[in-house]
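Residue numbers (UniProt numbering): 1 to 352.
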């Protein structure tokens, strides 16, 4: 099932102080038998997007979620309560339940996402008379942290234990992987201030082909604001980025999300002939983890989701300065732990 089809909610009721949306988690978007955390969160985001569709604040600005119990590939309800509506933002509380058990609790802030700098202007900034930003050409701007253009980036694939591996195309960045080696100058010592961490980076997009009834067919899968939480949660765990000698004794493991915060920076770009082209099915992802410790291997990762100038392997001209046209669509901070894979396969036999 396409991700856009697997993120499918409908309004059940709006009685009392809560709006209720219903849907069903699809097993294809699971890791083992448990839905990917970002995918599960996307059901909440989509429910709230539908609730806010005709309001003055239709776009998610920020979401903070706590994963109280592992969700399952089954029916769910999302209960949404309005906390506050102001001139600029609307605050919502949303919980995802399965069999009357709260699986995810969340707080969402809705407002209006700005278009990309190349596709619109900041009317609020103009009205307040200031022009401050960390965007190119500012020397303080964060640039796209990937080395390769998606046209020429080395190809790879997701491991088969990710049920959705065939739905996505993937590249890798050898230069970023090299920074994780024990011999890398990025390793720290008593003379180094800051530093450390392990990193990953790649382009990821929806596959052009889908197998249905035994035959391949072209897909029309495209990005949406609700899918971004999924892409923010597909980077490999920090433990898997370590050299083998630094993860001795680690068996087959699962890395469940405990909490996740996403801030949405810009609206997904619209097709336009007058502005730089952007892919509507591919994103760049960069993730960094600086802290990991304790019996549970508790670790915190920071992830950036970027626009892409084209699809992976697409035959387009690589324009000069293409990196400066890319912007960060969303940033995410995630806390996760390391547990035996049996916790996943025996879902519910051991609460986190």
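Glycine included, C-beta positions come from ideal geometry on N, C-alpha and C.
Here the structure is a predicted model, which is why all the values come from computation and not from measurement.
Output yes or no for whether 8 Å exceeds the beta carbon distance between residue 331 and residue 253.
Stepping through the chain shown from its first residue, residue 331 is reached at position 331. Stepping through the chain shown from its first residue, residue 253 is reached at position 253. Going by C-beta atoms, residue 331 is not nearer than 8 Å to residue 253.
Apart from the five residues just before and just after residue 206, which ones in its own chain have a Cβ nearer than 6 Å to its Cβ?
The residue you call residue 206 lines up with position 206 of the chain shown. Taken in chain order, the residues that qualify are 221 and 281.
Once DSSP output is grouped into helix, strand and coil, what is the label at residue 330?
The sequence position of residue 330 within the chain shown is 330, counting from 1. Residue state, collapsed to three classes: strand.
Do you know offhand how far residue 208's Cα is from residue 169's?
The sequence position of residue 208 within the chain shown is 208, counting from 1. The sequence position of residue 169 within the chain shown is 169, counting from 1. Residue 208 and residue 169: Cα-Cα distance of roughly 8 Å.
Evaluate the contact criterion for the region 311–329 versus the region 181–195: three or more CB pairs, one atom per stretch, below 8 Å.
Flag = no, the region 311–329 and the region 181–195 do not touch.
Nearest to residue 156 by alpha carbon, out of 172, 1, 291 and 65?
Taking the chain shown and counting its residues from 1, one reaches residue 156 at position 156. That would be 172, whose Cα lies nearest to the Cα of residue 156.
Buried or exposed for residue 99, please, with buried defined as at least 16 other CB atoms from any protein chain shown within 10 angstroms of its CB.
Numbered from its first residue, the chain shown carries residue 99 at position 99. With fewer than 16 Cβ atoms within 10 Å of its Cβ, residue 99 is classed as exposed.
On the DSSP bridge assignment, give the partners of residue 200 in chain order.
What you label residue 200 is simply residue 200 of the chain shown in a count that begins at 1. Per DSSP, 287.
Note down, in chain order, each residue of its chain lying with its Cβ closer than 8 Å to the Cβ of residue 71, except the 5 sequence neighbours on either side.
The residue given as residue 71 occupies position 71 in the chain shown. Once the five neighbours on either side are set aside, the close Cβ partners of residue 71 are 25, 34, 35, 40, 96, 98, 103 and 104.
For residue 150 versus residue 311, is the C-beta spacing smaller than 8 Å?
Taking the first residue of the chain shown as position 1, residue 150 is located at position 150. Taking the first residue of the chain shown as position 1, residue 311 is located at position 311. Closer than 8 Å, so yes.
If you reduce the DSSP assignment to three classes, tell me which class residue 257 lands in.
For the purposes of this step, residue 257 is taken as the residue at position 257 of the chain shown. Residue 257 falls in the strand class under three-state DSSP.
Who are residue 162's beta bridge partners in DSSP?
As a working note, residue 162 is residue 162 in the chain shown. Residue 162 is bridged to 31.
In angstroms with no decimal places, state the Cα-to-Cα distance between residue 285 and residue 144.
Counting from 1 along the chain shown, the entry for residue 285 is found at position 285. Counting from 1 along the chain shown, the entry for residue 144 is found at position 144. Distance between the alpha carbons of residue 285 and residue 144: 9 Å.
Does the region 13–20 come into contact with the region 57–64, if we say contact requires no fewer than three beta-carbon pairs (one atom in each stretch) closer than 8 Å?
With a cut-off of 8 Å, the region 57–64 and the region 13–20 do not count as touching, because too few Cβ pairs lie within range.
Helix, strand or coil for residue 298 per DSSP?
Mapped onto the chain shown, residue 298 falls at position 298. In this structure, residue 298 counts as strand in the three-state DSSP scheme.
Work out the CA separation of residue 135 and residue 349 for me, nearest whole Å.
Working through the chain shown from its first residue, we reach residue 349 at position 349. Working through the chain shown from its first residue, we reach residue 135 at position 135. With a pLDDT of only 43 at residue 349, under the threshold of 50, the placement of this residue in the model should not be trusted; the figure read from the coordinates follows. Spanning the two alpha carbons is a distance of roughly 48 Å.
Suppose contacts are defined by Cβ-Cβ distances below 8 Å. Is residue 65 in contact with residue 44 by that definition?
Against the chain shown, residue 65 aligns to sequence position 65. Against the chain shown, residue 44 aligns to sequence position 44. Yes, they are a contact pair.
Taking all protein chains shown into account, decide if residue 176 is buried (16 or more other Cβ within 10 angstroms of its Cβ) or exposed.
What you label residue 176 is simply residue 176 of the chain shown in a count that begins at 1. Per the 10 Å Cβ criterion, buried.
What is the rounded straight-line gap between the Cα of residue 6 and the Cα of residue 345?
The residue labelled residue 6 in the question sits at position 6 within the chain shown. The residue labelled residue 345 in the question sits at position 345 within the chain shown. Between residue 6 and residue 345, the C-alpha separation is close to 21 Å.
Candidates 262, 283 and 162: which alpha carbon is nearest residue 32's?
If you number the chain shown from 1, residue 32 lands on position 32. The shortest C-alpha separation from residue 32 is found at 162.
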